[in-house]
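Numbering (the working numbering), first residue to last: 624 to 801.
Below you'll find the structure, written out as structure tokens, and then a few comments.
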Amino acid sequence: MRTTLTVTLGAAAMALGGCENNKIDVGMPIANAMTATAAIRTATGATVGRATAMDVAGGIRYTIDVTGLPPGTHGAHIHMTGRCDAPDFATAGGHWNPTGAKHGTMNPMGQHDGDLPNLIIGTGGRGTLGITVPGQTMAGLLDADGAAIVIHAGPDDLMTDPSGNSGGRIACGVFTPN
């Protein structure tokens, strides 16, 4: 009886361990992943950085690397239209929000797909951000009218709809597939 119980428990543990390996590990790289990049420019046309979007297991991994922007905390969002016409980048439209959610990770009503954490720019003018957003797809990002990355003048409060009170748009880039 004791041997049977030990073997049964051992088999159950092995089965559970096998189940663990079948989980989707969100954020893990995938073979032949689709990627898109955006050259981030100011209203004067100066290139200040680059954003990359990469298909990963269960979502999209975004990386942003900028230099020459004002020091401080800045809202960074994926906007629903792949246009960045100066001077105010209004052609990028609102935040990418295919589900009609409210704005911000701290909003009890949910968040837009385009809501990213704040981008911190150091005193030397450089800032980087990397985040994996679960549930997103490159097909959704690169739909018929594309998408843009927008950097705002001020910090996103992560709650106020529709834009987190993050101020004007100071830099923008259109995602194009690689």
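Note that the Cβ used here is the ideal one computed from N, Cα and C, for glycine as well.
Can you tell me the Cα-Cα spacing of proline 757 and cysteine 795, whole angstroms? Along the sequence shown, read from residue 1 onward, the residue named residue 757 stands at position 134. Along the sequence shown, read from residue 1 onward, the residue named residue 795 stands at position 172. Cα to Cα, the separation comes out at about 23 Å.
Residues of its chain near methionine 761, where Cβ-Cβ distance is below 6 Å and the 5 sequence neighbours each way are ignored: Position 138 of the sequence shown, counted from the first residue, corresponds to residue 761. Cβ neighbours of methionine 761 beyond the five flanking positions: Met657, Asp678.
Could you pull out every residue in the same chain whose Cβ sits closer than 7 Å to the Cβ of histidine 700, ignoring the five residues on either side in sequence? Position 77 of the sequence shown, counting from 1, holds the residue named residue 700. So the qualifying residues of the chain are His718, Gly737, Asp738, Leu739, Val773.
For the region 733–771, list the beta strand (DSSP E) runs that are entirely contained and at least 3 residues long, ordered along the chain. Positions of the beta strand (DSSP E) runs, each at least 3 residues long and wholly inside the region 733–771, are given as 742–744, 749–757 in order along the chain.
Contact check, alanine 661 vs leucine 764 under 8 Å by CB: the rounded distance? In the sequence shown, the residue the question calls residue 661 occupies position 38. In the sequence shown, the residue the question calls residue 764 occupies position 141. Incorrect: roughly 11 Å between the Cβ atoms, too far for contact.
With respect to the beta strand (DSSP E) encompassing alanine 794, which residues constitute its N-terminal and C-terminal limits? Mapped onto the sequence shown, residue 794 falls at position 171. From DSSP, the beta strand (DSSP E) with alanine 794 extends over 792–797.
Buried versus exposed, by CB contacts within 10 Å (16 or more), glycine 750: Here residue 750 corresponds to residue number 127 of the sequence shown, with the count starting at 1. It is buried - the Cβ of glycine 750 has at least 16 other Cβ atoms within 10 Å.
Three-way DSSP call (helix, strand, coil) for threonine 670 in this model: Taking the sequence shown and counting its residues from 1, one reaches residue 670 at position 47. Strand at threonine 670.
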